[in-house]
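Participant:
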Amino acid sequence: MYSILVERVSKTWSGTSAVEDVSFTVKAGDLVVLLGPSGCGKSTTLRLIAGLDTPTSGRIVIAGQDVTELPPAKRGIAMVFQSYALFPHLSVGENILFGLKVRKVPRAERDARLAKTAEMLGLKLLLDRRPSQLSGGQQQRVALARAIVAETSVCLMDEPLSNLDAQLRLEMRREIRALQQRLNMTMIYVTHDQVEAMTMADRVILMRGGRIEQNATPAELYDRPGSAFAARFVGTPPMNVIPAQAVAGRDWALPAFGTHVLGDLSIGIRPEAVRLDPAGVPAEIVAAEYLGADTLIETRLGNAPFVARTAGRIGMKAGDTVHLAWSPGDAHWFDRASERRIA
Amino acid sequence: MNSRLSAAVHGWLLLMPAMLLLVAFTHWPAVASFIESFSSTPRPRRPSRFVGVANYEQMLADPVFWQSLANNLWFALGTIPLAIGLALLMAIWVNDRIPGRTFARMAYFTPTILPMIAVANIWLFFYTPQYGLLEQVASGLGFASHNWLGSRETALAAVALVAVWKESGFFMIFYLAALQGISPTLAEAAALEGASRWTFFRRVQFPLLMPTTLFVLINAVINAFRTVDHIIVMTRGGPDNATSLLLFYIYQVGFNFWDTSYAAALTVVLLAMLAIAALVQYGWLERKVHYR
Ligand SMILES: Nc1ncnc2c1ncn2[C@@H]1O[C@H](COP(=O)(O)OP(=O)(O)O)[C@@H](O)[C@H]1O
Ligand SMILES: [Mg+2]
C-alpha cells in the first residue's frame, strides 16, 4: 500500500533539467528522506509533489488520486519550509490557525486542535508572541505545529533543521521522528545531511544530478552502497574508494568473484572496517587525528587518500608506516568507469 | 575627552554644508514668514509695522481663503485614497510574474518622471472643449459636449484626476519595493493552505505593507497641499475660484496681489496644518502599523 507515487517525473528549467526521470513510491506511514548534495534536485522534487511547481513530464499520485494537475491546496498535504515561512505580523496562535481559518473550520474545533497541537509541541506559553520574538528552535516548532494542525496524512519537509545549531538539530530530529510515528504521518523529508537521513528514515532516496542514485533502507545504503558515489556520501568519515591496483599482489584482498581486470575496478573500505595488522598493506601516515574514543589515521594508499579508524590512541606520527588490513567481506567492489557496484 | 571633543567638531563640520543650505533656504524663510505674518505689507509710502494678529483676522473673514481650504480638503479627499489604491493595485499586478511586466512597470512609472507642467499640458489637450481627446471620444459615443475645466461642477475633479494620474505611479514604486521584500515562500505557504489571492492579500500582504502605506499616506497628504503647478497651467484657480487650492491662493496673494504679509500668514497656517497632519500620522498611526 503506497501513499505517494512519483512516476517518471522530470522538470526542466529553460533547457537545463533539475530533475530527470525520477520514480519512487512512499509507503503509508513511512518517513522517506531525499538525500543528496546541494543542487541535486531534492527541493525541486519536493516542490513538484507539493504542487508548487509543475512537472515537465510524469505523473504524481497521492492517496490513490492523480494530483499532477491539482493545485497545492487540493493535494491533502502539509509542508514545512526551510525558512519556516511564518507570517511575521501574526501571533504564533494565528500562524498555526491560518490554514484552518482559510478552510473555514468551525471555531470550537479550531480551538481544540490548536490546544492539542500547542500542547504536543510545547508552545502553549508562546501563543501570543510574534515570530520575531521567538528563538530559531521555537520558530521551527511553530512551523511544525502549522503542518501538524492541518491533520493531513502527508507531510513534506524541506531541510527543516538546517537553520538550527547542532545540539538543537539532534533534539528536533528525534522529536520529528517521534511525532511522525505517533501521528502515523507519511513524510518526505529533504536533507543534505546524511546523519539526519540515516537516523530518521525508513527509506533513503539518494539523489545526484537530478537522478536517483539509490533507493534503499539506511542499513542497505550503508552495507551495500549501489555506487562509489553512494559509498562516499554515507558514513563519517566516508568510505575509502581507491583504484584496485593498490591491493595488487595481496591475495587476501583480491575480489572473490570470477574474471576481472584489477585496472577496471575500484575497491571501497569503510574506515571503521580497517584494522592494523602486520600482514596488511603498508601505507605511510599523513596525519593522525585523535578524537578520544578513537583515532582517525589518514594515510596514502596507491596515491589515493585512505582513512582508517582505530580504537583508542596510537603511538604513531606522520611519516611512520602502518599496515592496513580488513576482512574480505568488508570490501566493496565498483566498476571504475561507471562507478556502479559489482559485488 | 579631547578626542571625543574633536570627533564632535569633526561631525559638525561634516554636517555644516548641508546644514547651511537648509538653514538659509528652509528654516530661516519659515521663521521669517512667521515673523512677517505679524506685520503689515510694506507699501511705497507706508513702511511695514507690527500689526499683531490682524492678518489672521483678515484670513478668518476672507471667503476665498475658506473656499481654497475647502477645495483643498476635497482635493485631498479625492486624490489620496484613489492614488494610493491605484498604486497598490498596480504594484500587486506588476509584482506577479506576468509577461511583459518590465514594460508595465515602466509604463506606470512614466507619469512620475514627467514634469508636472508637461503633464498639465497633456491633460489640457485631453480636456479641451470641442476638439480635445475626451470630447472626441464622448461625442463619438453620442454624449453631449462638456467643458470639463470650464464648469464649476467638474473643474476640481478634473484637476484632481491629473494629480492621481501623476502620483499613483510614484507611490507604486514604494509598494513594489515593499512587495519584493516579502518572502515568496509566504505566498507558497498560503497557497498550500488554500488561501485565495484575495485572502492572501487581505490577511498577509496588506498588513505587511502597512508601514509603506503610512509612508505613502504622509507623502500623499503633503503633496495634496503643495500642488500648484498644474493649477497654474490648467485653470489659474478658476472658474470662480473652483480650483483654487491653498498654495495656489498663497501664490496669488503673494505674487499677483503683492500682499506679502498676508501671504506669509497664509503660509504659516498651511505649514501648521501639514505639521499637525504629519504628527498625527507618525505619532498615532505608527504605533499601529509596525509589527516588529
Ligand atoms: N526556479 C528555478 N529556476 C531555475 N533553476 C532552478 C530553479 N529551482 C531550481 N533550479 C535548479 O535546479 C537544480 C536543482 O535545484 P534544487 O532542487 O533546489 O536542489 P537541492 O534542493 O537539491 O539543493 C539546481 O541546479 C538549481 O539551480
Ligand atoms: Mg534545496
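Residue numbers (this note's numbering), protein chains in the order written: chain A, 1 to 343; chain B, 1001 to 1292. By construction, the Cβ of each residue, glycine as well, lies at the ideal position given by its N, Cα and C atoms. For clarity, every value in this text was computed on a predicted model and none was experimentally measured.
What I want to know is whether the C-beta of residue 83(A) ends up closer than 7 angstroms to one or more non-hydrogen atoms of ligand 1.
Facilitator: no
Participant: Could you tell me which whole alpha helix (DSSP H) segments of length 4 or greater appear in the segment 1060-1100 of chain B?
Facilitator: 1063-1095
Participant: Give me the Cβ distance between residue 1175(B) and residue 1212(B), rounded to the nearest whole Å; I'm assuming they're in contact under 8 angstroms.
Facilitator: 6 angstroms
Participant: Between which two residues does the alpha helix (DSSP H) containing residue 199(A) stretch?
Facilitator: 194-200
Participant: Tell me, please, whether the CB atom of residue 1292(B) is closer than 8 angstroms to any CB atom in chain A?
Facilitator: Here residue 1292(B) scores only 49 on pLDDT, less than 50, and its place in the model is too uncertain to base an answer on.
Participant: Name the chain B residues that come within less than 7 angstroms of residue 79(A), Cβ to Cβ?
Facilitator: 1192
Participant: Given a limit of 9 angstroms on CB to CB distance, which residues of the segment 38-52 of chain A reach chain B?
Facilitator: 47, 50, 51 and 52
Participant: With which residues is residue 290(A) paired in a DSSP beta bridge?
Facilitator: 295(A)
Participant: What number of angstroms, rounded off, separates the C-alpha of residue 362(A) from the C-alpha of residue 296(A)?
Facilitator: Nothing in the structure corresponds to residue 362(A), since chain A is present only between 1 and 343.
Participant: Is the shortest distance between the beta-carbon of residue 87(A) and the beta-carbons of chain B less than 8 angstroms?
Facilitator: Interface residue, yes.
Participant: Please state whether DSSP places residue 303(A) in a helix, a strand or coil.
Facilitator: coil
Participant: Tell me whether residue 1114(B) sits in a helix, a strand or coil according to DSSP, three-state version.
Facilitator: coil
Participant: Which whole-angstrom value describes the C-beta separation of residue 190(A) and residue 157(A), a residue pair presumed to lie in contact below a C-beta threshold of 8 angstroms?
Facilitator: 7 angstroms
Participant: I want to see whether chain B comes within less than 8 angstroms of residue 327(A), judged by CB atoms only; does it?
Facilitator: no
Participant: Which term fits residue 1105(B), buried or exposed, when burial requires 16 or more other beta carbons within 10 angstroms of its beta carbon?
Facilitator: buried
Participant: Is any beta-carbon of chain A found at less than 8 angstroms from that of residue 1212(B)?
Facilitator: no
Participant: Taking DSSP as the reference, what is the three-state secondary structure of residue 1182(B)?
Facilitator: Coil.
Participant: Taking 8 angstroms as the threshold, find out whether the segment 1220-1235 of chain B comes into contact with the segment 1052-1065 of chain B through three or more Cβ pairs.
Facilitator: no
Participant: At 7 angstroms on the CB atoms, spell out the chain A contacts of residue 1207(B), in chain order.
Facilitator: 89, listed in chain order.
Participant: When you compare the CB of residue 1305(B) with every CB in chain A, is at least one pair closer than 8 angstroms?
Facilitator: The displayed coordinates of chain B run from 1001 to 1292. Any statement about residue 1305(B) would go beyond what the structure contains.
Participant: Given that residue 1104(B) touches chain A, what residues does it touch there, using C-beta distances under 9 angstroms?
Facilitator: What residue 1104(B) touches in chain A: nothing, since even the nearest Cβ is about 22 angstroms away.
Participant: Looking at the C-beta of residue 1293(B), does it have a partner C-beta in chain A at a distance below 8 angstroms?
Facilitator: The structure shown does not extend to residue 1293(B), since chain B is modelled only from 1001 to 1292, so the question has no answer here.
Participant: Is residue 158(A) near ligand 2, in the sense that its beta carbon is under 7 angstroms from a heavy atom of that ligand?
Facilitator: yes
Participant: Beta strand (DSSP E) containing residue 112(A): first to last residue?
Facilitator: Unbroken run through residue 112(A) is the alpha helix (DSSP H), 107-121; no beta strand (DSSP E).
Participant: Buried or exposed: where does residue 89(A) fall if 16 or more other Cβ atoms within 10 Å of its Cβ makes it buried?
Facilitator: That one is buried.
Participant: Determine the contact status of residue 201(A) and residue 32(A), defining contact as a CB-CB distance below 8 angstroms.
Facilitator: yes
Participant: Is the beta carbon of residue 93(A) closer than 8 angstroms to that of residue 114(A)?
Facilitator: yes
Participant: Determine, using beta carbons only, whether residue 264(A) and residue 341(A) come nearer to each other than 8 angstroms.
Facilitator: no
Participant: To the nearest angstrom, how far is the alpha carbon of residue 274(A) from that of residue 329(A)?
Facilitator: 12 angstroms
Participant: Mind pulling the chain B residues with CB within less than 8 angstroms of residue 103(A)?
Facilitator: 1193 and 1194
Participant: So the candidates are 1092(B), 1131(B) and 1235(B); which of them puts its Cα closest to the Cα of residue 1152(B)?
Facilitator: 1235(B)
Participant: For the segment 3-30 of chain A, which residues have a CB atom closer than 7 angstroms to at least one CB atom of chain B, in sequence order?
Facilitator: none
Participant: Starting from the Cα of residue 321(A), find the closest Cα among 327(A), 299(A), 91(A) and 261(A) and give me that residue.
Facilitator: 299(A)
Participant: In angstroms with no decimal places, state the Cα-to-Cα distance between residue 1077(B) and residue 1281(B).
Facilitator: 16 angstroms
Participant: By the 10 Å Cβ neighbour count, where 16 or more other Cβ atoms means buried, how is residue 1257(B) classified, buried or exposed?
Facilitator: exposed
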